[in-house]
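Following: one structure in structure tokens, then a few remarks.
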Amino acid sequence: MSPIPKSTPENPEFRSGNLPFLAKRVSPTMMEVPASARSDMRVPVHVWADEELWRQISRDRTLLQIVNVATLPGIAGAAHAMPDAHEGYGFPVGGVAAFRARDGIISPGGVGYDINCGVRLLAAEVGHGQVKNRLEPIVSDLARSIPSGTGKGSHLRFTNADLDRILGEGCSFLAERGLATREDLKTIEGGGALPAADPGAVSEKAKQRGGGQLGSIGSGNHFVEVQKVDRIFDEAAADALGLWKGQITVLIHTGSRGLGHQVCTDYVRAMDAVMARHGIHLPDRELACAPFDSPEGKKYFGAMCAAANFAFSNRQAITYAAREVFRRALGEEDGGLRLIYDVAHNMAKLERHGAEDLLVHRKGATRAFGPSHPETPAAYQGIGQPVLIPGSMGTASYVLVGTDEGFGLSFGSTCHGAGRAMSRTAAKKVQKGNEVRKDLEDKGIIVRCASAGELAEEAPHAYKDVDRVVDVVHQAGLARKVARLVPLGVVKG
Amino acid sequence: MNPVPCERWHRWVDHTSEVQLEVGAESLAGLAVEAGRALGLLMLRGAPEEVAGPARILEVSSVDRDALLVDWLNEILFVAETESWVPVEFTVEESSPTRLRVAARGVPVEEVPSSVKAATFHGLKVEEHDGSFRAEVIFDV
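Respectively, the protein sequence lines represent chains D and X. First residue of the first sequence? That's 557 in the numbering used here, and the numbers climb one at a time after it. First residue of the second sequence? That's 39 in the numbering used here, and the numbers climb one at a time after it.
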């Protein structure tokens, strides 16, 4: 064995200390850090990665963070890091952990600040050949119709009473207002309305911060992208999803905006104050948590579900705007956009796994239920729940479906994207925003983004190779590849 | 309380996905002022041309001195996002290890140029060495 390097900021190659050297390869797609690696671990850590992704993941503090997660009370099975995992705060991004509902915890930091950040895929009636001369005005109209940027408000107006109904009823309320169809509700995770939502548990500050932002993208890595289906891997599954080669699709990536950010801020603070009373001692204060079966745990779960309903509704309101844009450009007959699926990647869900009810935290990870799971939408029974993996800006995105096998391997979870490989500062040193824009335009991708700085920070070279990440997921059996989508136009915050 | 700017500093440290701030000052109150200024400049993507308008009072109370720094920075984020006004100049009116009352002046913006979701407890350090203070904070962006 090689000498174990010291864990110091001066040795940035190994910021997780000796943990990379205590791990062993279990399969070509999985490494395990045994529960004996640190005395406070309750379960082992499973890192889903091939050699190259393992090399990237073991470089920063991802392993340290997921090992910290493995110490939390009531954790079941193993703590998981997905192939796109990278250092975050508290939980790593790409972290999955399940806690027994009867004696485990719930952690706002295990969900993240952007509650129910997620992805939604819409499929057009038309192929690339039919719209390629109209793409530029379509992308420009999307940029005008869908607000983007930090704190940017919505074109839609809702009363305070409406906001409470959105928090409580999610997309069902939007269907009542004509912003969603009943068909849409059938292909959104949880029907776009989590019944445990408690609008009363959402603070006035949270409502003030994000209440007016419904129907807006936000900033950072959030976007609306016009794409075409570039490749089909599984004809039968693609057919069941209604995807065909050359078809135009629209991918929406955003979350609960300022409302979710403030809910997380409020409850990290609240749980930090009560942990000692519950006898919980943590290796990292950002893992602040409370027993799920405690007043604080239940209240956060209600607030988190309400913020999740807001996020589903946010993507629904953007869908409404995108449909208007496509109808204006292509007419009623050709301008339709059918919702393929909407999936969360920052959420804690109460799920039955074997004989146990578990609260599965997925932070930067996607639920991926198989063909026979009762929560897989009726239209996709026998195929599997669609899993939507956006690539970095300018690279491919993927549609996969969950597997029954994956339910036992990773609590029915998979990756959520390419995963950052480079800091924002480093990304900006590699290439300036206007150079990134030119590179994308040289590839024929239409870019609408007001901020050159944001473009530089989100450049493709700042991310892992999404093709490799998805291949690991596919080979490991966590999900199955169905189709590859390539970008034609992107609207960014 | 008069600020002593020459004893205050901040720098941004590489982090794979978020942004990490290191900040130093002559006192805990100075630390809050410098960290708040750094956050304001981060949100504005650089120094403003001018700070306009009257000062406003921002107040926070917390369970301990580490939490006070996080809560203070989160209050700045809240005000910036809800009022399209990014505070960058601060005069401390009252301070204790668990409470801050600050007069803030800032910059009105149409929208906050750079997105910051929250200040976190992850890797949070507030330390005193030989009469000066130093802190590390990671922001979710």
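Note that the Cβ used here is the ideal one computed from N, Cα and C, for glycine as well. Fair warning: this is a prediction, and the values are worked out from it, not measured in the lab.
Short CB-CB distance (under 8 Å) between residue i and chain X
i: D:Asp596; result: no
i: D:Val675; result: no
i: D:Thr981; result: yes
i: D:Ser775; result: yes
i: D:Glu842; result: yes
i: D:Gly926; result: no
i: D:Tyr856; result: no
i: D:Ser592; result: no
i: D:Ser583; result: no
i: D:Tyr669; result: yes
i: D:Ala829; result: yes
i: D:Gly734; result: no
i: D:Gly573; result: no
i: D:Ile705; result: Reading the sequence as shown, one finds Gly at residue 705 of chain D and not Ile. It does: the Cβ of D:Gly705 has a partner Cβ on chain X nearer than 8 Å.
i: D:Ser701; result: no
i: D:Gly1009; result: yes
Own chain residues within Cβ distance below 7 Å of residue i, not counting five before or after
i: D:Val830; result: Ala846 and Glu852
i: X:Asp104; result: Leu162 and Val164
i: X:Asp178; result: Glu56, Lys155, Ala156 and Thr158
i: D:Pro946; result: Val675, Leu807, His809, Ser953 and Gly973
i: D:Ala826; result: Glu852
i: D:Asp670; result: Gly811, Ser812, Gly816, His817 and Asn902
i: D:Pro1043; result: Glu781, Gln783, Gly950 and Ile1001
Same chain, Cβ closer than 6 Å to residue i, neighbours up to 5 away in sequence not counted
i: D:Pro755; result: Asp720, Leu723, Gly724 and Ala862
i: X:Asp52; result: none
i: D:Phe729; result: Arg721 and Ile722
i: D:Leu628; result: Ile661
i: X:Ser133; result: Ala67
i: D:Ser948; result: Ala974, Pro1016 and Tyr1019
i: D:Gln621; result: Pro648
i: D:Gly1049; result: Ser704, Gly705, Ile773, Gly774, Ser775 and His778
Minimum Cβ-Cβ distance from residue i to chain D less than 8 Å
i: X:Trp123; result: no
i: X:His48; result: no
i: X:Val145; result: no
i: X:Val101; result: yes
i: X:Thr120; result: yes
i: X:Val89; result: no
i: X:Arg83; result: yes
i: X:Ala105; result: yes
i: X:Val179; result: yes
i: X:Ile114; result: no
i: X:Ile176; result: yes
i: X:Glu97; result: no
Which residues DSSP lists as bridging residue i, in chain order
i: D:His917; result: D:Ala653 and D:Ala904
i: X:Leu6; result: Any answer about residue 6 of chain X is impossible in this case: the structure gives chain X only from 39 up to 179.
i: D:Ile945; result: D:Tyr954
i: D:Ser812; result: Paired residue(s): none; D:Ser812 is not in a bridge.
i: D:Phe779; result: D:His809 and D:Lys1048
i: D:Ala579; result: For D:Ala579, which the question treats as bridged, DSSP gives no partner whatsoever.
i: D:Met860; result: Bridge partners of D:Met860: none, in fact.
i: X:Ala142; result: X:Arg94 and X:Phe128
i: D:Phe868; result: BP columns for D:Phe868 are empty, so no partner.
Counted within 10 angstroms of its Cβ, other Cβ atoms place residue i as buried (16 or more) or exposed
i: D:Glu781; result: buried
i: D:Lys994; result: exposed
i: X:Ile95; result: exposed
i: X:Gly74; result: buried
i: D:Thr715; result: exposed
i: D:Arg879; result: buried
i: X:Trp47; result: exposed
i: D:Ser663; result: buried
Any non-hydrogen atom of the ligand MN closer than 7 Å to residue i Cβ
i: D:Gly705; result: Within the structure as shown, the ligand MN is missing, as the structure has no ligands at all.
Neighbourhood of residue i by C-beta distance below 8 Å, restricted to the same chain and skipping five residues each side
i: D:Val881; result: Ile694, Asp697, Leu698 and Ser701
CB contact check: residue i to chain C, cutoff 8 Å
i: D:Lys854; result: Of the chains in the structure shown, none is chain C; the protein chains are D and X.
- In chain order, what residues of the stretch 800 to 826 of chain D put their CB closer than 8 Å to some CB of chain X? Gly814, His817, Gln818, Cys820, Thr821, Val824 and Arg825
- With 9 Å as the C-beta to C-beta threshold (strictly closer), list the residues of the stretch 151 to 170 of chain X near chain D in chain order. Pro151, Ser152, Ser153, Val154, Lys155, Ala156, Ala157, Thr158, Phe159, His160, Gly161 and Leu162
- Query: Listed from N- to C-terminal order along the chain, which residues in the stretch 631 to 656 of chain D have their beta-carbon within a distance smaller than 8 Å of any beta-carbon of chain X?
  - Reply: His642, Glu643, Gly644, Tyr645, Gly646 and Val649
- Message: Beta carbons nearer than 9 Å to chain X: which residues of the stretch 951 to 976 of chain D have them?
- Response: Gly975 and Arg976
- Query: Using a beta-carbon distance cut-off of less than 8 Å, what residues from the stretch 756 to 774 of chain D approach chain X?
  - Reply: Lys761, Gln764, Arg765 and Gly774
- What residues from the stretch 56 to 77 of chain X come within 8 Å of chain D, judged by C-beta to C-beta, listed N to C? Of all residues in the stretch 56 to 77 of chain X, those with a C-beta nearer than 8 Å to a C-beta of chain D are Glu56 and Val57, reading in chain order.
- Message: What are the residues in the stretch 126 to 140 of chain X lying within 7 Å of chain D by C-beta distance?
- Response: none
- the stretch 1021 to 1044 of chain D: which residues have C-beta closer than 9 Å to a C-beta of chain X, in chain order? none
- Message: Can you pull out the residues from the stretch 615 to 629 of chain D whose beta carbon lies closer than 9 Å to at least one beta carbon of chain X?
- Response: Arg615, Asp616, Arg617, Thr618 and Gln621
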